[in-house]
Every structure is written in C-alpha cells, then in structure tokens.
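Undergrad: Heads up, the sequence shown is in this note's numbering, so the first residue is 137 and it goes up one at a time.
Idealized CB from N, CA, C, for every residue including glycine.
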Amino acid sequence: MIQPFNQPAPQLGNQFDDDALLRAYLSRVLPPGVLSESEPGLREMGELSGGPLYRLQLADRPNEPRLVSWDAWGERVDAVETTPLWKEAERLAAEKGVVATAYEGRYGPHDRVVQFALAYLFHPSTDVYTCPLAMTDGAAKTLLRSGARELIDRALPRLTSRDPRTAWTSGQWMTESTGGSDVGISETVARLDPDGGWRLWGRKWFTSAVTSQMALTLARPEGNGPGGDGLALFYVETRDDAGRWKDLTVARLKDKLGTRKLPTAELWLEGVRAVPVTGLAHGVKNIVPMLQVTRTWNSVTAASFMRRGIALARDFAARRVQFGAPLSEQPLHVDTLDTLEAETAGAFLASFLVCELMGKDEARVATEQELQLLRVLASIVKLTTGRQAVDVVSEVVEAFGGAGYLEDTGIAGLLRDTHVLPIWEGTTNVLSLDAVKALAKGAPLAAFRARLEAATAAPPDGALAAAARKARGALDHASTWFESAARRGKPSVEAGARRLALTLGRALELALLVEQAGFDLARGDARTRALALRFARSAVDLIHDEDPERVPAPAPAAVAVGEI
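1) Mind checking residue 441: buried by the 16 CB within 10 Å criterion, or exposed?
2) Can you grab the Cα-Cα spacing for the pair residue 563 / residue 137, in whole Å?
3) What three-state label does DSSP hand residue 536 in the structure shown?
4) By Cβ distance below 8 Å, which residues in the same chain neighbour residue 227 in space, the five residues on each side in sequence not counted?
5) Which residues in the same chain have their Cβ closer than 7 Å to the Cβ of residue 445, if we skip the five residues on either side of it in sequence?
6) Leaving aside the five residues before and after residue 654 along the sequence, list all residues of the same chain whose C-beta is less than 6 Å from its C-beta, in chain order.
7) With three or more C-beta pairs closer than 8 Å as the rule, is the region 628-647 touching the region 569-584?
8) Compare the C-alpha of residue 343 against each of 387, 670, 659 and name the closest.
9) Which one or two residues does DSSP pair with residue 271 in a beta bridge?
10) Starting from the Cα of residue 256, find the closest Cα among 606, 223, 675, 157 and give me that residue.
11) Pull up the CB-CB distance for residue 160 and residue 661, whole angstroms please, since I reckon it's below 8 Å.
12) Cβ of residue 404 within 7 Å of Cβ of residue 339?
13) Output the distance between the C-alpha atoms of residue 428 and residue 514, rounded to the nearest integer angstrom.
14) Measure the C-alpha to C-alpha separation of residue 519 and residue 435 and round it to an integer number of angstroms.
15) Go ahead and label residue 437 buried or exposed: buried means 16 or more other beta carbons lie within 10 angstroms of its beta carbon, across all protein chains shown.
16) Hey, could you find the ends of the alpha helix (DSSP H) residue 231 is sitting in?
17) Helix or strand or just coil, what does DSSP make of residue 470?
18) In the DSSP output, what is residue 340 paired with across the bridge?
19) Report the option in 364, 373, 337, 330 whose CA atom is closest to the CA atom of residue 352.
20) Output the boundary residues of the alpha helix (DSSP H) element that contains residue 570.
21) May I ask you to report which of helix, strand or coil DSSP gives residue 654?
22) Roughly how many angstroms lie between the CA atoms of residue 349 and residue 620, to the nearest whole one?
23) Report the three-state DSSP secondary structure of residue 181 (helix, strand or coil).
24) Could you check whether the region 452-463 touches the region 407-419, counting it as contact only if at least three pairs of C-beta atoms, one from each stretch, sit closer than 8 Å?
25) With H, G and I counted as helix, E and B as strand and the rest as coil, what does DSSP make of residue 429?
26) Taking the beta strand (DSSP E) that residue 371 falls in, what are its first and last residues?
27) Using the beta-carbon count (16 or more within 10 Å), is residue 700 buried or exposed?
28) Check whether the Cβ atoms of residue 416 and residue 357 sit closer than 7 Å, and answer yes or no.
29) Note down, in chain order, each residue of its chain lying with its Cβ closer than 6 Å to the Cβ of residue 154, except the 5 sequence neighbours on either side.
30) Among 151, 201, 588, which residue has its Cα nearest to the Cα of residue 178?
31) Closer than 8 Å by C-beta to residue 459: which residues in its own chain qualify, once you throw out the five before and the five after it? Chain order, please.
32) Please go through the same chain and pick out, in chain order, the residues whose beta-carbon is closer than 8 Å to the beta-carbon of residue 750, but skip the five residues on each side of it.
33) Count the other C-beta atoms from every protein chain shown that fall within 10 angstroms of the C-beta of residue 172, then say buried if there are 16 or more, exposed otherwise.
34) Is it right to say residue 259 is buried, meaning 16 or more other beta carbons lie within 10 angstroms of its own, or is it exposed?
35) Tell me the residue span of the alpha helix (DSSP H) that contains residue 211.
36) Hey, which unbroken runs of the alpha helix (DSSP H) at 4 residues or more fall wholly within the region 613-656?
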C-alpha cells in the first residue's frame, strides 16, 4: 500500500520568546528593574500558551458548555458545566495573576502594561476565557472608583485573588432585548423591599460568563425617569452559600457564531437581591470605568488573536511545500504575511499605549493631557483593532488553503471567535459616535495630536520620515474634515464618524510603528522599520471631503390590478 503524504501541522514555540515586537516594546517602555522582575512570569506564560495550554485547546475543541436546568428529582438547578480547557484556564488565570497583577501595586504605573502582556500571551490558547477576566477587572475598578467601602471590602479581595479556591469572576449585565448599545431603554426594574433592601425584576438578554459569582448590572428604581440617568448601577451576588442560584433563572445558553466555549446566557431576574453601588441614578455614567477596562481588553485580545494567526501561518508556511518550494520562499505568500504582520504590529502598539495610559491614571501620575488622550483612545483603538482583527484572521484562514476552513485544525474557530471583537463592548459605529462626542470637546483631539507628533518627531531616516509625514497628513486631513463637517451639521458628522475614527486609529498606529522602529534601529534591529514602511503603504487616510451620496431606498414594486 502506498503511504499518502500527510501535511505536518503548524507548531508553536514559547510565545514570549518568539514575539520580537512584544519583547522590544517592553524593553522600550518598562524600567530595567520592572522588566527583569516581570520577564520570568511572562516567559512562563509564553511557554504555557504555546505548549500545554495550546495542546489542551486543540484536544478540547469539540466540547462546549452545557446547561443542566433540572436535576434527576425535578429540582431546578440551572447548572452550567464548562469544558476542561475553561476549568484549567480558570485555575491558571488566578495563579498567574492575569487580573491580580493590575491591583497589587508591584510595578507602580507599569502594572497595567505587565498585566496586559500576561493577558496578551494567555488569551489565544483559552477560547476566550479572557471575557470573564475582562469583566472581573472592570468590576474591580468600578467598585474601587465608586468608594463603596462595604462592597469593596467584600468583593475586591476575591476579584483579585491568586487562589483559585477563593477567586471570583464577575459578570456585566446590561444588554436587554430592547437594545444592545442603547442601554438607556433598559426594562429591568428595581423595587425597594419593606426591609430596606432592593430586588431586581426583568430579563437580561445576553449575559456572558454566567458562571461568575457576582455581577454589576443596570436597573431602573421604581419612580425614576427614563433614559440612562434614570438607571442605577447595582451589585449582585448570584449564588447562596450552598452554591445555588438566588432568585435567578437561566432561560437558555445562546447559540453563537463564535466564542462557543463562553457560556452566554439569557437570564430572568426574579426578585434577586441587589445593592446600589453609587446612588440610585446615573447608572450609565457610573459604569463607564468598567467599559474603559473591557474595551482595553478587547483591543489587547484583538492584537493577540492576530498574533496567534500570524505565528501559526508563519510556521505552516515553512512546512508547506507547493510548486517546488516552501510557502515561506514564495514571494507572493511572503508579501501577504508581511502585510498582515504590519497590521498586527500597529494594533499591538496602539492597544498597549492605552494600557500605558490606564496604568498612569490608576497610579495617579498621568498628566491632564494623558487623561484626555485615554478618554478618546479607549474607543478609537478598540474599534480600529476590532476591524483589523477580522480582516487579518480572515486572511490567515486563506493562508492555510483548505486546511484553514476545517474545524478540526483549529484555524476556523480562530476566525469565528475573532468576529466578536467589533461587536462586544460597542460596535464600530457606536464607538465612532462616542469618539466624535469626545473629540468635539477639543482637548482630547489636542492630546491626540500631541502624542502622534511626539511619536513622529525624530524619524531616523528618510523612509521613516515619509511614513511619519503620512501619519501627520492623515491627522491634518481628519481634523480639517471634522471642522468642516461640524459646520454642515450633525448628520454630516455622524455619517463620517466611522471614517474619522478609523483614520485617527490608523494614523496613530503608523506613528507608533515609526516611534518603535527608531528605538529598535538604535539597537541594531531593522524589523520594525520594515513593518512601519509596509504599514505606510496601506490605506491610512479614509476621509471623504464631501458627504457621499446616499443610496435611495428601492422603489416599491408595482402591484398589478387583481393581485391583492
């Protein structure tokens, strides 16, 4: 019998050691002491991510969470059973401090950079276990900002624990069938009990990480007015001391395109006890600290998914021989992967700039200009990287040919999971409108310009200087258009908001690539320079000076007499 050829599968090495950009970036932004102290933990996470955790991910691929609504004797239990990978990720996340690192104060203003470097390495081998971690991190920060001492003392040690036996995760219950992004039309009602406590009634349509021990949620106290100001932010513990649900019913787990390991549920709140976090109004405003954190997780995990796709595609290209040579020696294939890697590098640097700013803010060392920059970048970077991730990972699937389309290679699942990133925590359009509101105040745009100009102030050679000019030119064009559109009126601004936000995001990414390239060239490394120049060849300025023509709605079809 003739033995047929079998293509070797792509392999991963230590994902910290193999990521030249991550290591170069950390060398640039971290003080030597912080770098040397944090490197062993990052290297250990890189080994786990490319080794045992990745192997478990592949073995766990067919498994999905399961909802057991009733026990054998007719008791309602609503037990959600997660998969072996998620159980292991839960343990590792606590032990390795993927959330805790941000709250221990070990690295001062650099806590967030180190924490998100851990998350960046951990994420792509966990089938989105980072979703509950993001909400846990957001809940911890929101509680700290609230000043609600009793809630902080009770929940924070659990949310930031390194002991898997005591660590909690948190949910974030906002989405209802009345609206996703428009949370101001929430139908959940908060009613005051005779004993002075609050109970919540309603349906939460889309609640991720339903296995969490607590949640922050929005509800409208009876008698409050409509809109976001009439909502209040509440703290809920989901289970009693015996581990049973408390006045909650899990109606079903959602059947989703991707993130299928993540148990996303539809919940009925049936008088669940809740504690107001910060008063009985302005709930949307009070949950903003959580959204800033979760949007940053979204950006970092977008870059992480892109990096995973590139790592697999590069290794596969070295193993796959077509037309007499490995794909890694075929000029068109190499050109395609180089372009994808440039997009990945830009997304990485922009995401970690937000991490830097967040760390400075929390350590109370941020300047006013940096605070203004953080306000607008959380939205701009999230929307830009979310779109990039879908495009890059789609190309990664194609780089594997037919094997990329097969579920059992794990490549197809990478694309399905990536598709959540432009949607979760605000779609591209919603965040574009959020960015426009911030930019209209003036100071955030000035802060954005200052950072972009600082990044492009001293390019070390002529080619990088041209790339820097392209970034500054895109910003100038965007600023001019924004002023002109504002004079034309709100419809013009809103119609062009997406192009404005993406132009700013891509201009920033190019500027940061130029900045990193200068640092790396001084150390004898020209790789980032090549990535910056390649990125500069792509579309950065997406602005249209005039309002595009609207496409008329199709005319109704003519109805012949007698057809009705």
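TA: Taking the coordinates as given:
1) Of the residues assessed, residue 441 falls on the buried side of the cut-off, its CB having 16 or more other CB atoms within 10 angstroms.
2) 55 Å
3) coil
4) 300
5) 528, 529, 532, 550
6) 596
7) yes
8) 387
9) Beta-bridge pairing links residue 271 to no other residue.
10) 157
11) 7 Å
12) yes
13) Their Cα atoms are separated by approximately 6 Å.
14) 8 Å
15) buried
16) 220-231
17) helix
18) Paired residue(s): 403.
19) 373
20) 564-575
21) helix
22) 50 Å
23) helix
24) Fewer than three pairs of CB atoms, one per stretch, sit closer than 8 Å, so the region 452-463 makes no contact with the region 407-419.
25) Reduced to three states, the DSSP call for residue 429 is helix.
26) 368-373 is the span of the beta strand (DSSP E), which, as asked, contains residue 371.
27) With a pLDDT of only 48 at residue 700, under the threshold of 50, the placement of this residue in the model should not be trusted; the figure read from the coordinates follows. When all chains shown are included, residue 700 counts as exposed.
28) yes
29) none
30) 151
31) 466
32) Here the chain has residues from 137 to 700 only, and residue 750 is not among them.
33) exposed
34) Buried, because 16 or more other Cβ atoms sit within 10 Å of the Cβ of residue 259.
35) From DSSP, residue 211 is part of no alpha helix (DSSP H); its letter is neither H nor E.
36) 626-631
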